[in-house]
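Taken in order, these protein sequences are the chains called X and V.
According to the UniProt record's numbering, the first sequence holds residues 1 to 323 in order.
According to the UniProt record's numbering, the second sequence holds residues 1 to 323 in order.
Here a beta-carbon is modelled for each residue, glycine too, at the ideal position from N, C-alpha and C.
There are 2 protein chains.
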Amino acid sequence: MHSFKDLTAQFSQHFEKQQFPEQPSKLYNAASHILGISGKRIRPVLCLMGNELFDDLRTDAFEVGSAIELFHNFTLLHDDIMDKAPIRRGKPTVHTVYGEPAAILAGDVMLIYVYERLNKIETHYKQKIISVFNKAAIEVCEGQQLDMDFEGMEPEKVQYDDYVHMIGLKTSVLLAASLQLGAIIGGAGEGNQQHIYSFGKNIGIAFQIQDDYLDAFGDPEKFGKQQGGDILVNKKTFLLLKALELCTPEQRAELKMLMETSPADKVERVLALFRSCKVDEWAEKEKERFQQLAFQSLDNVAVLSNRKAALMEVANYLLNRQQ
Amino acid sequence: MHSFKDLTAQFSQHFEKQQFPEQPSKLYNAASHILGISGKRIRPVLCLMGNELFDDLRTDAFEVGSAIELFHNFTLLHDDIMDKAPIRRGKPTVHTVYGEPAAILAGDVMLIYVYERLNKIETHYKQKIISVFNKAAIEVCEGQQLDMDFEGMEPEKVQYDDYVHMIGLKTSVLLAASLQLGAIIGGAGEGNQQHIYSFGKNIGIAFQIQDDYLDAFGDPEKFGKQQGGDILVNKKTFLLLKALELCTPEQRAELKMLMETSPADKVERVLALFRSCKVDEWAEKEKERFQQLAFQSLDNVAVLSNRKAALMEVANYLLNRQQ
């Protein structure tokens, strides 16, 4: 059994070997650019952990992990084009550097390379692996479309359950599938696969609630982002949608006025409103609720509990930052 | 053995069953839009023919053909965004109707569905099928990047051989791979696979030379396009690149002036220049040369010649229009 840190190092070593050919250079430089500015390789490490929960690590888990990480980066690249985002993690986005056409094409070729990786694994579970992977990949695209659909809607028209469904697709199913794919490689049966999937799905939603909470109420120095960044751009978050549900008609009118007019003290006043309708307390409980669902699912996985240590570690790492 | 017409009808019946879920509707309507405005399903029919060259038609050839047709439509959809094309085959392009973000995402989800189709086939040749498919798919992306790279260059800087290489990637390898994939399903050995691939590759290049020729010298009524459309937009074509190679310094200066100033009689004057440096005669010979290479490869396929009838038919259909 390996620790989170250990598996991250092992995966990075595997992943950072030459990914792409040299020519055409613009195409592959654009694809390499996004790999250089993305994050912590959480998803492939979850795949390795899913494998190790049930059996010794296999080479296939590194191939499937690489496929997952390439796919995740492909979605970041194309999402940045769709969102017209100039910056990601402090670096210029791919389309800003290489132009939109090359950026679209670089994402496309990355998605084909995803399946080059998946095509390398052993035959006996290839059908199942590609099927589970594709289900998640399709859901990620559907989540992105729902997110864009919601963006064009008045916030009070977006139902809370529909929002949770969208966030689940956009951000959680890939975490969940990463664990399940690893579990398949480790030889897990269908029941255990579903438990570990459910663990990942609920951790993902709890993480997103925490992310929204920290953007509003976190310590900006520790969190590393501008406080109230979501509020400034009227982003639909767990907090905003729930606030609109919980608040009085007067509070709703004030919230809408603040969103429409964006006065200088917008962030403070929205935060005050959030507090007065207790959406901060609600968010902590809602995160806790999903976290409990996740740990319940992990409990249900039928392996010795000492095998679950690394997953507990990563869950605590994801869900306890800045607290 | 089935005719071209027969196979087209069989494939269409298979392909036009429900491709996508209903929701999110914008995403899947955008994906369905491109399927509704694209053409003659040549590539999947080549896949069926590749299968039937060696053995009775198998269901897998319909699945792989569907994957190929979905992939081809995905490339059309994304290419139209990259080229900012408002119209395809007389209909508004996907991004014109649904906006760029949904159009990018619709292409992405289509590419995932490509692999859903490929994942349905029998296990024993799945690794080989996905590998051959991916090689072609990657080359199509590389060809599109090279095409965009060339677009930004002065025409006399583009080497003829590099141009042939680009056209091969962008337009021929998918035709070639369609035949090879069908041949694999039909049980062909490596040698026969390579012969049929080479047939498709050379037919594709001959077709492109003919396409460029007809745009310049064809009967616009029969060809269905504006005569000299390529000349009007200074498109790099076989004719233009070869003309720049064959012409005198004076002719080259005139050609460059016509491209830069676009006078009212540009098409006539460029055509006169093309004729005076005999690029029209050259194009007919060059097309003939690739056509001969193609038929030589088809001859080399070790099956009874009566099995090749449908492929001869489709080659003649593709290469003798308007003559």
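Listed by position along chain V, the residues whose Cβ is nearer than 7 Å to that of X/Q144 are L105.
Residue pairing by DSSP puts V/K91 in a beta bridge opposite V/R88. Take the alpha-carbon of V/D80 and the one of V/E69: they are about 17 Å apart.
Counted as a single uninterrupted DSSP element, the alpha helix (DSSP H) harbouring V/I81 occupies residues 59–82. Here V/P101 is near X/M148, since their CB atoms are less than 8 Å apart. The beta carbon of V/E116 falls within 8 Å of a beta carbon belonging to chain X, placing the residue at that interface. Any Cβ of chain X closer than 8 Å to the Cβ of V/T96 would place that residue at the interface, and such an atom is absent.
Using a Cβ-Cβ cut-off of 8 Å, V/K266 does not count as an interface residue toward chain X, since no Cβ of chain X sits closer than that to its own.
Sequence-ordered contacts of the stretch 120–131 of chain V with chain X read T123, K126, Q127, I130, S131 [C-beta pairs closer than 8 Å]. Contact between V/G107 and V/F74 is confirmed by a C-beta separation of about 5 Å, below the 8 Å threshold.
A contact between stretches requires three or more CB pairs, one per stretch, nearer than 8 Å, and the stretch 19–30 of chain V meets this requirement with the stretch 92–100 of chain V.
What V/V109 touches in chain X, judged by beta-carbon distance under 8 Å, is I138, C141, E142, going in chain order.
Distance from the CA of V/K308 to the CA of V/L53, rounded to the nearest whole angstrom, comes to 6 Å.
Within the same chain, Cβ atoms closer than 6 Å to the Cβ of X/S297 are found at H195, S198, F199, the five residues on either side in sequence being excluded. Contact annotation: in the stretch 16–34 of chain V, residues whose CB is within less than 7 Å of a CB in chain X are P24, K26, L27.
Distance from the Cα of V/K170 is smallest, within the candidate group V/Y125, V/I130, V/A310, V/H72, for V/H72. Cβ-Cβ separation between X/A294 and X/A206: approximately 6 Å, consistent with a contact (criterion under 8 Å).
For X/D149, the chain V residues whose Cβ falls inside 8 Å of its Cβ are P24, K26, in order along the chain. Between the stretch 13–21 of chain X and the stretch 60–69 of chain X, the count of C-beta pairs closer than 8 Å reaches three or more; the two stretches touch. V/R117: member of the alpha helix (DSSP H) spanning 100–118, first to last residue.
Within the same chain, L27 come within 7 Å of X/L105 by CB-CB distance, once the 5 residues on both sides are set aside.
At the C-beta level, X/D55 and X/G189 stay beyond 8 Å of one another. Residue-level contact check: V/I81 touches chain X, since one or more beta carbons of chain X fall below 8 Å from its beta carbon. Close CB contacts of V/G143 within its chain, under the 8 Å cut and outside five residues either way in sequence, are with M166, I167, G168, L169, K170, T171, V173 (chain order). Taking the Cα positions, V/S3 is about 6 Å away from V/A310. Legend: CB atoms of the stretch 157–181 of chain X lying less than 7 Å from CB atoms of chain V are not found in any residue. Within the same chain, and ignoring the five residues on either side of V/L258 in sequence, the residues whose Cβ sits closer than 7 Å to its Cβ are K266, R269, V270. Within the model, the alpha-carbon separation for V/K5 versus V/L175 is close to 18 Å. Interface annotation, X/N73: not in contact with chain V, CB-CB separation never under 8 Å. For the pair V/K126 and V/N119, the Cα-to-Cα distance works out to about 8 Å.
Less than 8 Å separates the beta-carbon of X/L46 from that of X/L179.
In the structure shown, X/C247 falls within a coil segment according to DSSP collapsed to helix, strand and coil. Listed in chain order, the non-local C-beta contacts of V/A103 below 7 Å within the same chain comprise A30, L77, I81, V94, H95, local neighbours out to five positions each way being set aside. With its beta carbon less than 8 Å from one in chain V, X/A102 belongs to the interface.
Sequence-distant partners of V/Q227 (beyond 5 residues in either direction) whose C-beta falls short of 6 Å from its own C-beta, in its chain, are P220. The residue among V/R275, V/K242, V/Q251, V/S131 with its C-alpha nearest the C-alpha of X/E116 is V/S131.
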